[in-house]
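In what follows, a structure is listed as structure tokens, so that the remarks can point back to it.
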Amino acid sequence: MKKISALIVLSFLALQVVFSQSAPIKEAKMHLDNENYTAAQKNLTDYIAKNPKDIGEAYYYLGESYYIEGEKVDLAREQWNKGIALDSRSAYNRVGIGKLLLDDNKPAEAAKEFALAIRYSKESPAIYSVIGTSYLNTKNPKPDQAVIYLNKARDGDPKSSQYLVQLGDAYGAQNESGKAMTNYEFASEKDKNNPEVIVKMARIWARTTQKEQAVAKLEEAISKFPSYAPAYKDLVELYVQQGKSSKVTPLLQKYVQLAGTDLPARKRYVKYLAFQAKDYDLTIAEGNRVLQEDPSDYTMYRWLGWAYAEKKQYQEAYDALTKYLDGVNAKGGTASATEYNYYATAASNIGKQDVAVATYRRILETDSTRTDVYDLIGKLYFDSKMYTEAAASYEEKIGKGLGKAADYVTLGRSYEKLKNYTKADSAFAKVNELSPTYVYAYNMRARIALDVDSTGTLFLAKPQYEKIIELSNTDEKFKTDKTYKSYLADAYAYMGAYTFNSTQNTTEALALIDKALGIEPENTLAKYYKEQLAKAAATNTKGNRK
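For what it's worth, the working numbering labels the leading residue of the sequence shown as 15, then goes sequentially.
Now the structure itself:
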């Protein structure tokens with residue numbers, strides 16, 4: 015029995031060694047918290063070189079440092095596979111591979127890796143923790159699963175404030191703000207020297223209308239923990255949202271100091287400036303400095319393109335994004351829809367409509383759900399007065415069963431500009447079928463009828479103007495909106511002309527025209543018809559005298 019007990023104790027101690035964190039790993043994790051990935055990678059690489067047989071957390075966190083950077087997933091995979099190659103029972107590295115399987119949308123295969131990790135770790139709370147956070151931080155997050163595993167981590171080690179923070183994150187991802195805040199508060203009670211707790215509380219407030227409470231929390235975090243980089247980053251984002259640009263620059267400088275000043279860190283800084291801080295002037299300045307040191311890094315042109323496009327410097331945006339897309343194509347990769355949007359916008363604004371349309375088409379090739387691209391193409395053509403192409407674009411969208419009232423409006427306007435009045439009227443008729451009270455469409459059909467009736471004797475616009483008068487009895491906009499008043503004045507003027515033409519009743523006709531002028535004194539149609547009515551009356555008077 016004593017031998018068995020001794021073996022159990024030894025096994026337990028061995029397990030503690032496997033899942034305890036050495037000083038270099040703790041330091042590396044602190045660098046990861048501060049988003050200083052280069053420093054973390056140096057710590058871990060040095061540690062592995064000196065301790066090649068320690069295949070636990072070192073390889074895992076080295077892989078994690080690459081994974082978090084976002085563009086070095088292959089390096090992350092390499093580290094986790096190395097750990098498993100050295101020891102197939104390496105629990106942490108099994109979790110890393112499992113997270114990559116989640117990214118690949120293979121949850122069943124990921125679950126198998128996680129199950130092995132749990133078995134190899136003897137159900138260690140630390141492993142439940144990294145599995146839970148893997149479900150949160152994957153490209154295909156599953157907060158429900160994260161809650162399950164993080165509850166197990168907390169139950170396995172109730173003294174850990176970190177597991178409570180992570181559980182709060184999981185509830186936050188489920189939009190359970192109350193439960194998230196409760197866990198953060200519990201974590202704060204257990205560890206009052208954890209800046210992450212304060213920042214996470216601030217993020218809950220930031221999701222609400224009470225932004226000032228979030229600001230106060232972040233300012234508290236910076237005051238108490240001046241070396242915690244994420245607090246500066248979050249506060250910058252809130253200040254940007256609130257338009258407090260004067261407060262941003264010193265915080266950004268401090269964030270850079272903490273996150274690292276080497277070239278890789280500065281590259282991440284440029285991305286942060288463009289993507290989150292939205293400081294486009296600083297993005298351009300820093301991005302160009304980085305390119306001076308590393309001209310081969312085409313990814314910098316991505317953020318420069320964003321910044322120039324936001325500043326409406328379209329030629330510069332076009333040039334930068336051309337270089338970025340050339341780099342992507344050379345690597346056999348794909349750009350995101352955001353880059354294509356910026357590129358197309360820049361191209362259209364410098365007169366390269368063919369490039370813009372081809373780029374929008376590329377978006378459709380990469381994401382068939384982006385049906386708004388048809389609108390972008392149609393609007394581009396319409397704004398460029400390429401009405402034939404605009405009409406064809408909207409006809410294509412409608413032909414795919416995606417047509418909405420707004421699409422028929424621009425289709426009708428395109429055909430009206432092309433003087434294809436039959437198709438224009440048909441498009442606006444469809445608008446009123448879909449939206450029976452949309453006054454603009456009735457007015458457009460009336461205008462089209464006026465253009466068709468060149469002699470002014472057929473009165474083809476009568477049904478449309480009658481409808482506008484009918485709608486004026488129930489739509490309050492006719493009392494306040496200048497455009498609606500103009501539509502109504504046109505309608506009464508036209509009906510005055512129609513009344514005179516059909517009944518020769520000058521008094522009734524004049525009353526309608528005067529009603530139009532009462533609504534809009536300078537109404538062109540009413541003044542014209544009143545002039546014509548006066549001429550007709552004068553002619554009749556002369557005839558009677560004879």
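Quick reminder that beta carbons are idealized off the backbone N, C-alpha and C, glycines included.
The structure presented is a predicted model; accordingly, all values stated were derived computationally and were not measured.
- Ala291 sits away from Leu318, with the two beta carbons spaced by 9 Å or more.
- Counted as a single uninterrupted DSSP element, the alpha helix (DSSP H) harbouring Gly146 occupies residues 139-151.
- The C-alpha of Glu403 is placed about 15 Å away from the C-alpha of Val423.
- In the assembly as shown, Phe289 is an exposed residue. Its beta-carbon has fewer than 16 other beta-carbons within 10 Å.
- When the Cα atoms are used, Met314 and Leu305 turn out to be separated by approximately 7 Å.
- Unbroken beta strand (DSSP E) runs of no fewer than 3 residues, entirely contained in the segment 169-219, are not found.
- Per DSSP, reduced to three states, the secondary structure at Asn48 is coil, with no helix or strand assignment.
- In this structure the segment 119-127 does not lie against the segment 44-57, because fewer than three pairs of beta carbons, one per stretch, are closer than 8 Å.
- With a threshold of 16 other beta carbon atoms within 10 Å, Asp381 falls short and is exposed.
- Going by DSSP, Gln255 is part of the alpha helix (DSSP H) stretching over 243-255.
- Taking the CA atoms as reference points, Lys225 sits about 40 Å from Arg375.
- Runs of the alpha helix (DSSP H) spanning 4 or more residues and lying entirely within the segment 402-432 occur at 419-431, in chain order.
- The beta carbon of Tyr294 lies closer than 6 Å to those of Ala321, Glu324, Lys325 in the same chain, with the five residues before and after it left out.
- Using a C-beta cut-off of 8 Å, the segment 498-515 makes contact with the segment 532-541, since at least three inter-stretch Cβ pairs fall below that distance.
- Gly392 and Tyr401 have their C-alpha atoms spaced approximately 9 Å apart.
- Contact between Gly170 and Tyr142 holds, since their C-beta atoms are separated by about 6 Å, short of 8 Å.
- Boundaries of the alpha helix (DSSP H) harbouring Leu130: 121-134, taken from the DSSP string.
- Annotated three-state conformation of Ser486 is helix, per DSSP.
- The C-beta distance from Ala455 to Val466 rounds to 16 Å, too long to fall under 8 Å, and the pair is not in contact.
- Contact between Ser79 and Ala105 does not hold, since the beta-carbon distance rounds to 19 Å and is not under 8 Å.
- Secondary structure of Ala370 (DSSP, three-state): helix.
- Rounded to whole angstroms, Ala63 and Tyr73 show a C-alpha spacing of 11 Å.
- Closest in alpha carbon position to Ile412, among Tyr356, Thr297, Val371, Tyr388, is Tyr388.
- Inter-residue distance for Asn363 and Thr147 is about 44 Å (C-alpha atoms, whole angstroms).
- Here Ser241 is exposed, its C-beta having fewer than 16 other C-beta atoms within 10 Å.
- Secondary structure in the segment 272-341: the alpha helix (DSSP H) runs of 4 residues or longer, each lying completely within the stretch, are 277-286, 294-307, 313-324 in chain order.
- Per the coordinates, the alpha-carbon of Arg91 lies some 10 Å from the alpha-carbon of Gly112.
- Within a 10 Å sphere around the beta-carbon of Glu199 sit fewer than 16 other beta-carbons, which makes this residue exposed.
- Under the 10 Å beta carbon count, Glu307 is surrounded by fewer than 16 other beta carbons and is classified as exposed.
- Boundaries of the alpha helix (DSSP H) around Leu76: 71-83.
- When the alpha-carbon of Thr152 is set against those of Leu114, Val109, Gly257, the nearest one is in Leu114.
- Counting C-beta pairs with one atom in each stretch, the segment 523-532 and the segment 483-494 have fewer than three that are closer than 8 Å, which means they do not touch.
- Look at Asn154 here: in three-state DSSP terms it is coil, with no helix or strand label.
- For Arg103, the three-state secondary structure derived from DSSP is coil.
- By the beta-carbon neighbour count (other beta carbons within 10 angstroms, threshold 16), Pro535 is exposed.
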